[in-house]
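For reference, the structure is listed below as structure tokens.
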Amino acid sequence: MSVETSLPPVTSSSAMRPPRARTLSAFRSGPFTYGLLVIMSAIFMVPLVFVVSIALASDTSVSTGQLTIFPRDWQFSNFVKIFQTSLPVGSFLINSVIISLTSALGQVLSSSLVGYAFARLRAPGKKALFFIVIATMMIPAQITMIPQFWIFSELGWVDSFLPLIVPQFFSNAFNIFLVRQFVTRIPYEMDEAASIDGLGYFGIYVRLILPMMVPILIAIAIFTLTAMWGDFMGPLIYINSEDKMPLALGVQYLTSTSQELQTPPWNLIMVGSIFLSLPMIIIYYFGQKYMYEMNLSAGSAGVK
1 MSVETSLPPV
11 TSSSAMRPPR
21 ARTLSAFRSG
31 PFTYGLLVIM
41 SAIFMVPLVF
51 VVSIALASDT
61 SVSTGQLTIF
71 PRDWQFSNFV
81 KIFQTSLPVG
91 SFLINSVIIS
101 LTSALGQVLS
111 SSLVGYAFAR
121 LRAPGKKALF
131 FIVIATMMIP
141 AQITMIPQFW
151 IFSELGWVDS
161 FLPLIVPQFF
171 SNAFNIFLVR
181 QFVTRIPYEM
191 DEAASIDGLG
201 YFGIYVRLIL
211 PMMVPILIAI
221 AIFTLTAMWG
231 DFMGPLIYIN
241 SEDKMPLALG
251 VQYLTSTSQE
261 LQTPPWNLIM
271 VGSIFLSLPM
281 IIIYYFGQKY
291 MYEMNLSAGS
301 AGVK
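Residue numbers (the numbering used here): 1 to 304.
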């Protein structure tokens, strides 16, 4: 009589592992998604459609208030007529270009230098100083508006571009944070190898780190161009002469070209609004790849 013994089945190590959580499947867009995006895009495009429609409307349609989605009389000459008003619109455009480009250059230079210094240089109290710089982002601009005006007035900079341009060469906390976190992702071993070859901190910055910072610096330039091109409050405070006004402030002055009790030239005002919007749309279109390369979401693993 044989005694049969039953042994437990041999299980592999993979079978002993706890079941893995089901991973999320990749999102795949379908007809419903595209339809929803089309509807939402159409809703957001309504103001832009009305801006273009009014910009192409005739003076008669504007004065009588007969504005429609599709103008009755297509007046493409409004884009030329705006330069024939009593206001120097051409100077407005040139002033906006000068202020925006110079401010973007100042932000790129100062942000790259300060951000590199916070990321690479060793100094006592550097971390505390960095947190102080970040804390300045919590100060509302309205609090510093009057002290800044007093300082610039004492310097004799009122009614010039200097109060708008010079502060941009001292960067701001947000751009410094972006550059600093971007540089911390670059392996420090590259700096050590460059220092062995005889490069100092500035040489490493110019020949090694700066070329790698191109995406983040282009993103900062886009942010600055957008902010300064559409800036209204700064020129309203510091600029008094018409020939020094940027376009954002000059468009508001177009409403004063009408006589008393007459309708403002809304068609020309909308043309000025298109001049304000179109350059930024073009810049974002050609610079969006650098915005993706900047990779804000994965650009930092916390403040180290």
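The C-beta atom is built at its ideal place from N, Cα and C for all residues, glycine as well.
All figures in this text were calculated on a predicted structure; none of them were measured in a lab.
- Rounded to whole angstroms, the separation of the alpha carbons of I165 and I99 is 6 Å.
- With respect to D159, Y253 sits apart: the two C-beta atoms are not nearer than 8 Å.
- Residue range N78 to K81 is occupied by the alpha helix (DSSP H) that includes N78.
- Under the three-state reduction of DSSP, A194 is assigned to helix.
- Counting only runs of at least 4 residues, the stretch 44–91 fully encloses the following alpha helix (DSSP H) elements, listed from N- to C-terminal order: 59–64 and 78–81.
- A173 and R120 have their C-alpha atoms some 17 Å from each other.
- Contact check for T68 against S53 passes: the beta carbons are separated by less than 8 Å.
- If one requires a minimum length of 4 residues, the alpha helix (DSSP H) runs lying completely within the stretch 246–284 are 247–253, in chain order.
- Taken atom to atom, the span from the alpha-carbon of T64 to that of Q84 is near 22 Å.
- I216 is a Cβ neighbour of L178, given a cutoff of 8 Å.
- For V133, the enclosing alpha helix (DSSP H) starts and ends at K126 to A135.
- For the pair S256 and Q168, the CB atoms are not nearer than the 8 Å cut-off.
- Distance from the CA atom of Q148 to the CA atom of G198, rounded to whole angstroms, is 43 Å.
- Annotated as proximal: I204 and D191, with beta-carbon spacing under 8 Å.
- A check of alpha carbon separations from D59 across M213, I82, M45 and N267 identifies N267 as the nearest.
- For the pair S96 and L278, the CB atoms are not nearer than the 8 Å cut-off.
- Per DSSP, N240 lies in no alpha helix (DSSP H) segment and is marked neither H nor E.
- Residue burial is scored here from C-beta neighbours: K244 has at least 16 other C-beta atoms within 10 angstroms and is therefore classed as buried.
- Three or more Cβ pairs closer than 8 Å define a contact, and the stretch 219–227 falls short of that threshold against the stretch 268–275.
- The three-state reading of DSSP puts A117 in helix, counting H, G and I together.
- The DSSP-derived three-state label of R122 is coil.
- Scanning its chain for C-beta atoms nearer than 7 Å, with the 5 sequence neighbours on each side dropped, one finds around M137 the residues A173 and F174, in chain order.
- In this structure, F182 places its C-beta atom within 8 Å of the C-beta atom of M213.
- In the structure shown, M213 falls within a coil segment according to DSSP collapsed to helix, strand and coil.
- Rounded to the nearest angstrom, the gap between the Cα atoms of V62 and T263 is 8 Å.
- Around the CB of R180, 16 or more other CB atoms lie within 10 Å, so the residue is classed as buried.
- For F232, the secondary structure class from DSSP, reduced to helix, strand or coil, is coil.
- Collapsing the DSSP output to three states places L109 in a helix.
- Annotation: the continuous alpha helix (DSSP H) that includes Q148 extends over A141 to L155.
- For S91, the closest of S241, L236, Y292 and V46 by C-alpha to C-alpha distance is S241.
- In the DSSP assignment, R180 falls within the alpha helix (DSSP H) that extends over A173 to T184.
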